Structures are given as C-alpha cells and as structure tokens.
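Q: Before anything else, here's the structure in question.
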Amino acid sequence: MISTTGAGACHFALVGTPNSGKTALFNALTGNRQKVANYPGVTVERKSGALITPSGRKVTIVDLPGTYSLRARSPDEEITRDVVLGRLAAETQPDLLLCVADSTNLRLAIRLVLELKHVGRPMMLVLNMIDIANKRGVEIDVEKMSAALGVPVVTAVAIRRGGTDALLHQIDELVANRPESVAHSWHAPSTAELRTAQREADTILRATVKNPPKPDNLTTRLDAVLLHPLAGLVILFVLLFVMFQAVFSWAQPLMNLISSGFDALGALAHNTLPAGILQSFIQNGVISGVGSVIVFLPQILTLFLFILLLEDLGYMARAAFLMDRIMGGAGLHGRAFIPLLSSFACAIPGIMATRVIDNKRDRLTTILVAPLMTCSARIPVYTLIISAFVPATKVCGLFSLQGLVMFGLYAGGIFSALGVSFVAKYVFWRNEPSPPFMLELPDYKLPRLKSVALGLYTRAKAFLQRAGTTIFSMMVLIWFLASFPQAPANATEPPINYSIAAWVGHAMQPVLAPVGFNWQISVALVPGMAAREVAVAALGTVYSIEGGKQAASAIGHVLAGKWSLATALALLVWYIFAPQCASTLAVIRRETGSWKWMAVTFGYMLTLAYIAAFATFHIAVAMGAG
Amino acid sequence: MSRDSQIVKIQTRSPLGRALPGFRGRIDAIQAAEDTSVLSADELERRLIELGFVEGAIVEILHEGIFGRDPIAVRVDNATIALRRREAMAVLVT
C-alpha cells in the first residue's frame with residue numbers, strides 16, 4: 001500500500017490561525033487514526049495522525065497549535081515555531097506545510113502565509129469553510145490567489161463528506177513531485193515588516209476576493225443579545241446553571257449504574273476468590289479503587305459535552321469576554337473561567353481544561369486554585385457531617401440552617417480560590433506581567449455532531465489512560481497501607497486498626513490534636529487521600545460500623561455522640577482546603593510537568609486547611625461548642 | 627494625496643480606547659507608549675498588527691463589558707477582536 005517513491009512516508013505539518021477550522025480539517029483527513037500525546041518536556045498536546053492518499057501514499061500529519069505568527073508568545077506557539085522551523089530534535093522535519101485558513105476571514109491568514117514562505121519549506125494553502133464563504137456571496141479567485149502568493153491553493157469543506165477530495169488529489173500531486181525545502185530565512189518580523197506584510201496581504205485580497213455588498217450579520221445579531229453588557233451576563237449564568245444541573249443530575253443514573261456494576265464485580269471477586277490477601281487486593285485495591293475513579297466519567301463527559309458544544313459554537317471566547325473583568329479583579333485571566341467552573345464537578349477535568357489558557361503563569365495560577373472549588377467528591381463528607389451536627393432548623397423562617405452551612409462551604413471554597421490567585425498574582429508574580437486580554441471572537445457556527453463525538457471519545461480515552469494509570473497505582477498504595485500488617489487472628493478491633501494506615505494516623509494525631517481531630521479522624525484521613533468520599537467509609541470502618549457507605553446515617557448517629565461540635569466544624573473547614581485527593585495531585589504533576597508545583601499545591605492547601613481548622617476549632621470551643 | 631487624507635489630517639485623532647460602542651472610524655496610526663500596557667510598546671504594536679490593526683483598516687466598536695465598559699469588542703474589517711481599553715489606547719483612529 002505504501003508507496004516507495006519519495007523516500008517513505010511523507011510528513012506534513014498543519015498550521016493556521018486560531019478558529020480556522022484546523023482541527024476539523026485534521027479530523028476529516030485522519031479520521032480516528034489519531035494519536036494524542038505530549039511533546040517531551042512541555043505540556044503542549046501533540047496531535048498526530050495518518051492518511052492514505054487516493055493513489056495509496058501514506059502521509060503522516062501533525063496538528064500544530066493555532067497561531068497568528070511564528071513569533072512564539074506561548075508554550076503552544078513555541079511548539080508551532082519549532083516544528084515548522086525543524087528545531088525540535090525529537091520531531092520529524094515536516095516535508096510540507098499545510099496552512100489552513102477560514103475562507104470567510106482571510107486577512108490574518110494570508111499574512112501568516114506570507115510569513116511562512118520565509119521558512120523555505122514547500123507549502124499549500126487550504127481555504128477551509130469555502131461553503132460558508134460561497135453562501136455569503138464571497139467569491140475567491142483561487143488561481144489568481146495561488147499565483148499572487150506563489151503557493152498552491154485549494155478549497156475544502158472539512159466538515160462535509162467529500163469536502164476534502166480536491167485537497168487529497170492535490171496532496172497526491174505534491175507528494176509525487178514535491179519540491180525540496182530550501183534553507184530558511186525566517187526571523188521574528190519587526191513592526192515595520194509586519195505592517196508591510198499585512199498591506200501586501202490586503203492588496204492580494206483586494207485583487208482576488210470579491211466580498212458581497214451586504215455582509216452576513218447573523219453573528220452580529222446574535223452578539224447584540226449574547227454580548228449585551230447585562231443580558232449577556234444573565235444568559236451566561238443561566239447557561240452555567242443548566243450545565244451544573246446536567247453534571248449533577250443527568251450524569252447520576254449512569255454513575256449509579258457504574259458504581260453498582262463495580263460493586264457487583266467486587267462481590268463476584270469476593271465470592272469466587274478464596275478469602276485472604278489476594279481477595280482483598282482484587283476487591284478493595286483494584287476493583288473498588290479503579291471504580292471510585294471511573295464513576296466520575298459520566299460527570300466528566302457531560303461537562304466536556306457542554307464545553308465542546310460551546311467551543312464549536314464559538315461561544316467560549318464570548319464567555320471569556322464577558323467574564324474577563326470579573327476574573328481580572330482576582331488576578332485571573334478571563335479564560336480561567338471555564339476550567340474553574342469544571343472544577344465544581346471534579347478538579348481533574350478542570351485542570352485539564354486549563355490548556356485553553358495560553359500564558360504559562362495564568363495557567364499555573366488557575367491550576368493551583370482549581371482544587372479549592374468544591375468538587376462533587378466533597379459532597380458525601382459534607383452531607384454526613386452536616387446532617388449529624390447541624391440542626392435542621394430554619395433561619396429567619398425561610399432558609400434551612402443545614403442548607404446555609406452547605407452554601408457557606410461552597411462560598412468558602414470560591415472566595416479562598418479568588419484570594420489565593422490574588423496573592424499569587426499580586427504578591428509572588430507581581431513582577432511578571434501577564435499578557436493582556438486580546439482575543440479573536442470567531443463567527444458563530446453550528447457544532448458538528450461528528451467532531452463533538454470524536455472530541456468526547458478522545459477526552460474519555462485520555463482520562464481513562466492518563467488519570468487511570470496514576471490513580472490506579474495510588475489506590476494500590478493506599479490499599480497496601482490500610483491492609484498491612486494484617487490483623488492477628490484473635491483481633492478485637494477492626495483490621496484497619498492494625499495497619500500502617502492506623503500507625504500513620506496515630507503518628508499524625510499529636511499534630512492534628514490542636515485542630516480538634518481525634519485519632520480515628522486521623523486514620524480516616526489516610527485512605528481519604530485516594531478520594532475524599534472514601535473518608536466516609538473509612539470513618540465507618542474505624543468506628544466498626546458494618547455496611548460502609550449504605551450506613552451513612554448510622555455513622556452520623558455514632559459521630560454525633562463521639563465528637564464535639566467544634567471537632568465537626570473543624571473537619572468541615574478542613575475539607576474546604578485540604579489536598580485530600582491523590583488523583584488531583586497526580587494530574588497537577590502531569591499537567592505542570594513538574595513535581596514542584598504538585599508539592600506547592602499540596603503544601604499551600606495543607607497549610608490553609610490547618611490554619612482554618614485550627615481557628616474554627618478554637619473559636620468554636622471559646623464559644624462553648626467544645 | 628486625495629482630499630480624504632487632507633480631511634483626516636485636519637480632524638483630531640483619538641485613541642480607540644476612549645471610543646464608545648457604535649463608533650466607526652479608520653485607523654490612523656498604531657502608537658504604543660511604554661506604559662500603555664504591561665507589554666513593551668514594540669510588543670504591543672506587533673500584537674495589534676498581528677490581529678489586523680493596521681493603518682487604514684476600518685474599525686467599529688460593537689460591544690463593551692458591563693464593568694468599567696471593559697473589555698471592548700472591535701470589528702476590524704471582517705473579523706471581531708476582543709481587547710481591553712488599556713491596549714486599545716495604542717490604536718489612534720479618526
């Protein structure tokens with residue numbers, strides 16, 4: 001199948017301005033023959049794929065981050081520059097640059113093409129979304145444009161079947177007799193060179209593109225409402241409310257299904273395997289460990305469904321526009337809004353979503369504060385303690401006291417996140433200017449089912465692969481700590497009390513005593529590191545209550561008799577801040593590419609948790625709740 | 627030079643960062659001072675040009691945010707760019 005002409009497989013690099021439909025074209029060309037990985041040493045996502053041309057030649061394509069210029073200004077754009085210039089040692093030199101442009105918005109793309117010509121590699125310009133341009137009455141003289149630019153130009157409709165046929169034939173022709181690369185003469189253009197290039201681009205466009213007398217104004221009309229100073233914000237918040245509802249309620253049936261599936265699997269393992277260490281490992285270590293993470297997949301996918309739809313629609317840039325000023329007050333970038341929102345479901349997709357923030361510092365701040373958002377795993381812990389200790393009375397005859405405490409815990413998370421980002425920005429990084437908010441607002445486009453589905457599939461795969469492997473090893477470690485050494489045969493206490501976890505808990509207890517925690521809480525915090533809600537089951541275990549999660553009300557009853565209100569409140573406040581989630585820490589390590597930022601997150605959250613719980617405990621004791 | 631450009635010279639040019647929604651005009655110059663933005667004047671100028679803000683382009687302010695009328699959404703030929711008023715001060719329009 002693979003042609004031997006042209007020294008084996010041909011390697012293309014896909015470049016283009018943001019919103020040029022580059023990813024859609026990449027999807028259309030490579031289908032599901034895609035691989036998502038990271039570039040070595042950086043957290044920029046490397047998407048590559050392969051296609052077979054009509055005549056049977058194999059071409060590999062790498063999809064580069066969108067950019068307006070090769071003057072790299074973010075880690076993403078540095079990758080684009082280095083791959084295009086062939087400076088990345090680990091990366092194959094591209095044989096051809098495939099430059100993608102949105103046919104309805106060519107000004108900036110043509111300037112980029114003029115800059116790319118200095119790279120000295122063979123190049124082809126793909127006028128994507130030609131159907132939309134034609135429908136709007138835009139006429140493009142492709143041949144004349146090709147002559148003016150000095151590179152082959154071909155039109156395409158990435159999202160339509162057969163929309164890339166002409167492109168594929170052109171690729172075939174180019175691969176068959178492709179010109180050699182010449183030495184590059186690229187240097188970062190000066191303002192004068194940029195001006196000249198933009199003027200040249202404008203001249204070419206005037207000569208080759210005829211715009212309709214009456215421009216399409218659907219986007220303008222939609223924006224009149226969606227970007228209205230007040231109505232726009234209201235619509236954004238309604239949208240967010242629906243998204244929250246979806247994440248918490250639509251995903252629930254599926255989550256129940258997954259969790260009962262894993263329970264059944266655990267029971268099966270329990271019944272088939274002989275009692276002992278192997279049974280415990282398979283049932284408690286592997287099955288319930290992996291299950292407790294996979295159970296969040298429906299929530300994560302629901303969230304990503306919304307994010308992908310809004311992104312494809314072109315709304316995401318608008319959300320950043322509407323929120324920029326509000327977020328800016330706390331030292332966050334407008335684009336940090338969506339990742340932080342996602343973190344209410346789970347910090348893991350939230351942290352993964354910070355990739356949309358191009359500045360490294362802004363992205364890091366967002367990653368650092370994302371775990372402070374109240375994630376869904378805290379809910380079981382909050383519910384248990386609140387229902388056991390906070391009386392179900394009404395405040396002012398209207399609000400339930402329990403609801404108010406819950407609301408206070410959420411608000412505590414949000415305000416501490418804003419506070420931490422404020423401190424990070426204006427105290428630690430005040431000398432490092434973050435780039436200003438400058439963003440193209442693309443025209444609205446109807447999302448395509450296929451591209452959304454493909455996006456969801458890639459996210460699900462990445463979540464299961466990435467988080468799965470790290471989380472799995474953490475789970476095994478925690479199971480080991482909670483199971484060894486094993487309880488003696490004549491044990492009177494629950495087995496966990498003989499384990500390393502109990503030993504760690506006892507060792508931690510003197511440190512945690514000032515915040516009002518007894519040794520049982522300290523022990524429960526250790527397995528709670530795997531996932532916050534595991535602490536509930538662990539408390540059940542240390543207080544020898546049978547039935548685990550189902551017995552939540554029973555646990556609450558016992559706790560109400562054993563803890564003081566001050567201890568309970570201190571534990572609630574502890575949970576707002578404490579870095580009680582090994583998987584989040586693992587994802588931070590992955591996304592920042594360094595152990596340092598994982599340690600920083602762990603350290604600052606633990607410090608905050610300790611101080612806040614200490615203050616809460618002592619204030620509560622002073623007020624007579626001890 | 628045509629009469630148009632003479633009129634341009636007579637009119638006082640003003641920064642885009644002070645204009646209100648509905649304003650429509652032509653870019654006369656991109657002039658950033660060192661304290662216009664956190665970026666250096668040269669870098670800000672390059673970024674503005676890369677987003678299509680060059681002399682002669684037609685700009686129109688379409689929208690603004692609710693707090694401090696910031697940021698603004700500007701139509702530059704047939705693209706819409708969002709930016710803060712602070713950076714838009716470097717775009718002089720007539």
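Going down the list, the sequences are from chains A and B.
For what it's worth, this note's numbering labels the leading residue of the first sequence as 1, then goes sequentially.
For what it's worth, this note's numbering labels the leading residue of the second sequence as 627, then goes sequentially.
Think of the CB as a built atom: it goes at the ideal place given N, C-alpha and C, for glycine as much as any other residue.
Keep in mind it's a predicted model, so treat the numbers as computed, not measured.
Cutting at 8 Å between CB atoms, please list the residues of its own chain near phenylalanine 181/A, excluding the five before and the five after it.
A: Looking at the sequence shown, residue 181/A is not phenylalanine but serine. Closer than 8 Å at the Cβ level, and outside the excluded window around serine 181/A, lie Gln93, Asp95, Gly120, Arg121, Pro122.
Q: Report the neighbours of aspartate 668/B on chain A: residues whose CB is nearer than 7 Å to its CB, in chain order.
A: Neighbours of aspartate 668/B on chain A, chain order: Thr191.
Q: What's the call for tyrosine 706/A, buried or exposed, on a 16-neighbour Cβ count within 10 Å?
A: Here chain A has residues from 1 to 626 only, and residue 706/A is not among them.
Q: Under the rule that 16 or more other beta-carbon atoms within 10 Å means buried, what is leucine 332/A, buried or exposed?
A: Per the 10 Å Cβ criterion, buried.
Q: Expressed to the nearest angstrom, what Euclidean distance is found between the alpha-carbon atoms of glutamate 546/A and alanine 524/A?
A: Because glutamate 546/A sits at a pLDDT of 46, beneath the cut-off of 50, its placement in the model cannot be relied upon, and the point is left open.
Q: Arginine 33/A: which of Ile307/A, Ile52/A, Ile132/A sits nearest, CA to CA?
A: Here the closest residue by C-alpha is Ile52/A.
Q: Give a yes or no on contact between the stretch 156-171 of chain A and the stretch 183-201 of chain A, applying the rule of three or more CB pairs nearer than 8 Å.
A: No contact exists between the stretch 156-171 of chain A and the stretch 183-201 of chain A.
Q: Mind checking glycine 31/A: buried by the 16 CB within 10 Å criterion, or exposed?
A: Per the 10 Å Cβ criterion, exposed.
Q: Can you tell me whether alanine 582/A is buried or exposed? The criterion is at least 16 other CB atoms within 10 Å of its CB, across all chains shown.
A: Under this definition alanine 582/A is a buried residue.
Q: Run through chain A and tell me which residues come within less than 8 Å of leucine 677/B, C-beta to C-beta.
A: Chain A residues near leucine 677/B: Tyr68, Leu108, Met438, Glu440.
Q: Within 8 Å (strictly less), CB to CB, does aspartate 654/B reach chain A?
A: Not one chain A Cβ lies under 8 Å of aspartate 654/B.
Q: Residues in its own chain within less than 7 Å of methionine 243/A by CB, not counting five upstream and five downstream?
A: Cβ within range, chain order: Phe306.
Q: Does the stretch 125-140 of chain A touch the stretch 149-156 of chain A, meaning 3 or more C-beta pairs lie closer than 8 Å?
A: Result yes; three or more Cβ-Cβ pairs closer than 8 Å.
Q: Taking a cut of 7 Å between CB atoms, which residues from the stretch 682-708 of chain B lie near chain A?
A: If the cut-off is 7 Å between Cβ atoms, the stretch 682-708 of chain B has Leu688, His689, Glu690, Gly691, Ile692, Phe693, Gly694, Asp696, Pro697, Ala699, Asp703, Asn704, Ala705, Thr706, Ile707, Ala708 near chain A.
Q: Determine whether the Cβ of leucine 665/B lies closer than 8 Å to any Cβ atom of chain A.
A: It does: the Cβ of leucine 665/B has a partner Cβ on chain A nearer than 8 Å.
Q: Take the Cβ of methionine 623/A as the centre, count every other Cβ of all protein chains shown within 10 Å, and call the residue buried at 16 or more, exposed below.
A: Per the 10 Å Cβ criterion, exposed.
Q: Rounded to a whole number of angstroms, what is the C-alpha to C-alpha distance between proline 371/A and arginine 206/A?
A: Straight-line Cα distance between these residues: approximately 51 Å.
Q: For isoleucine 140/A, which beta-bridge partners are listed by DSSP?
A: DSSP, once it has assigned bridges, lists Val209/A as partnering isoleucine 140/A.
Q: Alpha carbons only, please: which of Leu194/A, Ile204/A, Pro179/A is nearest the one belonging to leucine 149/A?
A: Considering only alpha carbons, the answer is Ile204/A.
Q: Please name the residue in Asp324/A, Ile385/A, Ser55/A, Phe577/A whose C-alpha comes closest to that of valine 558/A.
A: Out of Asp324/A, Ile385/A, Ser55/A, Phe577/A, Ile385/A has the C-alpha closest to the C-alpha of valine 558/A.
Q: Would you kindly check if the distance between the Cβ of valine 717/B and the Cβ of isoleucine 675/B is under 8 Å?
A: Against a cut-off of 8 Å, the Cβ pair of valine 717/B and isoleucine 675/B comes out as no contact.
Q: Note down the Cα distance separating leucine 236/A from glutamate 690/B, rounded to an integer number of angstroms.
A: Straight-line Cα distance between these residues: approximately 15 Å.
Q: To the nearest angstrom, how far is the alpha carbon of valine 138/A from that of alanine 183/A?
A: Going by the C-alpha atoms only, they are around 37 Å apart.
Q: Where threonine 4/A and arginine 448/A are concerned, what is the direct C-alpha to C-alpha distance, given to the nearest angstrom?
A: Low local confidence applies: a pLDDT of 39 at threonine 4/A is under 50, so the model's placement there is unreliable, and no value is given.
Q: Count the CB pairs spanning the stretch 106-114 of chain A and the stretch 693-706 of chain B that are closer than 8 Å, and state whether there are at least three.
A: Yes, the stretch 106-114 of chain A touches the stretch 693-706 of chain B.
Q: Considering just the uninterrupted stretch of the alpha helix (DSSP H) at aspartate 661/B, what are its terminal residues?
A: Unbroken run through aspartate 661/B: none, as it is neither H nor E.
Q: Determine, for glutamate 660/B, whether the minimum Cβ-Cβ distance to residues of chain A falls below 8 Å.
A: So no, glutamate 660/B is outside the interface.
Q: Under 8 Å between the Cβ atoms of threonine 365/A and alanine 317/A?
A: No, they are not a contact pair.
Q: Is there a Cβ of chain B sitting closer than 8 Å to that of aspartate 223/A, yes or no?
A: Chain B, which has a Cβ nearer than 8 Å to the Cβ of aspartate 223/A, makes this yes.
Q: In chain D, which residues lie with their C-beta within 7 Å of the C-beta of aspartate 312/A?
A: Among the protein chains of the structure shown, namely A and B, there is no chain D.
Q: Mapping DSSP to helix, strand and coil, what is serine 522/A?
A: Note: serine 522/A maps to helix in three-state DSSP.
Q: State the start and end residues of the unbroken beta strand (DSSP E) segment that holds phenylalanine 12/A.
A: It spans 10-16 - the beta strand (DSSP E) in which phenylalanine 12/A sits, taken as one unbroken run.
Q: Just how far apart, CA to CA, sit tryptophan 519/A and alanine 319/A?
A: So the alpha carbons of these two residues sit roughly 47 Å apart.
Q: Quick check: the stretch 648-664 of chain B against the stretch 602-612 of chain A, are at least 3 beta-carbon pairs closer than 8 Å?
A: No, they do not touch.
Q: Less than 7 Å between C-beta atoms, sequence neighbours within five positions excluded: which residues of the same chain meet that for proline 212/A?
A: Only Arg136, Gly137, Val138 meet the Cβ criterion.
Q: Inspect the beta-carbon positions of serine 343/A and glycine 350/A and report whether they are closer than 8 Å.
A: Cβ distance < 8 Å, so serine 343/A and glycine 350/A count as in contact.
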